[in-house]
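Numbering (our numbering), first residue to last: 7 to 356.
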């Protein structure tokens, strides 16, 4: 059941946000952008791409950016993340390996390997390990001092999405299963459920409170789900990233490509193949502000650590496969300066 207003019943003038002050990052990647992550300690944006590279851009006054560093893989890079102290960047991709880049020395080294491409990498600061999720149906945990994983979890299918908010790790697999792992016991699946959504999973993100997750699918739908089996009243789903057709059954439906939580407010964003992004209040079950900056797909997004900037990548998202990757498709990174009222939580109803 959907608890948010549908696109047809929402006032565009009331909720459509301003993108006129959004700033384009200079010298963008030359191919599709797969993932982005801001440093936890500085306004430096790490970007993984299909041109086999990880780039970092430093944001200066008025959103002016400059290249900070770059390193490469042998194949497309599918995921990137930072260490908590901002000293290292981790990446994984189609070459089946994960690398760590030391910002101070400028050196990158291999730290993990799978038998198939690595879809997601997440640094777990509390236990000093790198979690990697692969298309070989495995999650592996890596201590930087060892060439072998310290633990491994076998899943039912390829990892399509993975996220960590200690002690919760969630992994969405290609057979529409969701595995929940308590990282105090990392080699055991705490609970596994079928996806609350009927279609293929596109993205999954933990709540900042680590007691649940938000899930997006290719059918323009998001699910909000709690880990606690008893807390079912807080579970719900809603439609988004759709455009009205002549009838409801003829609506244009777009993939939800990314979901991210605001680091201060706890509200969240969705971005999709329709070229739009929206900020939502999970607890009030309400839409805060929608933006329509582009006709092209938005492949990935992220907030900076202070929650004052929202980065979004206008890039092919591969939702239409190889044939959809036509020449002339844009590859650019935009920085949206956030107004507090765009992301502020609604007051609780009395």
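Even for Gly, the Cβ is constructed at its ideal location relative to N, Cα and C.
Owing to the predicted nature of the structure, the values given are computational and were not obtained by experimental measurement.
Check: residue i C-beta below 7 Å from any heavy atom of the ligand GTP
i           : result
residue 270 : Of the ligands one can find in the structure shown there are none, so the ligand GTP has no counterpart to examine.
Burial state of residue i, where buried means 16 or more other Cβ atoms lie within 10 Å
i           : result
residue 115 : exposed
residue 9   : Only weak support is given to the placement of residue 9: the predicted model assigns it a pLDDT of 33, under 50, and the value that follows is read from those uncertain coordinates. Counting Cβ neighbours within 10 Å, residue 9 comes out exposed, since fewer than 16 surround it.
residue 171 : buried
residue 192 : buried
residue 7   : Any reading at residue 7 must be qualified, since the residue scores a pLDDT of 33, below 50, and its modelled position is unreliable; the value itself is stated next. Answer is exposed; the Cβ neighbour count stays below 16.
residue 234 : exposed
residue 301 : exposed
residue 71  : buried
residue 210 : buried
residue 68  : exposed
residue 113 : exposed
residue 340 : buried
residue 128 : buried
residue 199 : exposed
residue 153 : exposed
residue 26  : exposed
residue 5   : In the structure as shown, the chain begins at 7 and stops at 356. Residue 5 is therefore absent and cannot be evaluated.
Beta-bridge pairing of residue i - partner residues as DSSP gives them
i           : result
residue 51  : 44, 63
residue 308 : 317
residue 242 : 230
residue 338 : 320
residue 30  : 340
residue 296 : 22, 284
residue 258 : 249
residue 148 : 136
Bounding residues of the beta strand (DSSP E) (the contiguous stretch that carries residue i)
i           : result
residue 133 : No beta strand (DSSP E) holds residue 133; DSSP gives it neither H nor E.
residue 275 : 274-278
residue 171 : 165-171
residue 287 : 283-287
residue 300 : Run containing residue 300: none; DSSP gives neither H nor E here.
residue 162 : Per DSSP, residue 162 belongs to no beta strand (DSSP E) and is neither H nor E.
residue 263 : 262-267
Residue i - containing alpha helix (DSSP H), residue span
i           : result
residue 349 : 346-349
Exercise. Which runs of the beta strand (DSSP E) spanning at least 3 residues fall entirely within the region 206-240, listed in chain order?
Worked result: 207-212, 218-223, 227-232
For this session: With a floor of 3 residues, list each beta strand (DSSP E) that falls wholly inside the region 173-212, ordered by position along the chain.
Result: 174-179, 183-188, 197-200, 207-212
For this session: Take every Cβ of the region 162-170, pair it with every Cβ of the region 119-131, and state whether three or more of those distances are shorter than 8 Å.
Result: yes
Exercise. Mind pulling the beta strand (DSSP E) runs of 3 or more residues that sit fully within the region 63-146?
Worked result: 71-78, 83-88, 94-99, 103-108, 113-119, 124-130, 135-140
Exercise. Touching or not, the region 262-276 and the region 220-228, by the rule of three or more beta carbon pairs under 8 Å?
Worked result: yes
Exercise. Does the pairing of the region 287-300 with the region 30-38 give three or more beta-carbon distances under 8 Å?
Worked result: no
Problem set entry | Validate contact between the region 346-354 and the region 88-106 using beta carbons, cut 8 Å, 3 pairs | no
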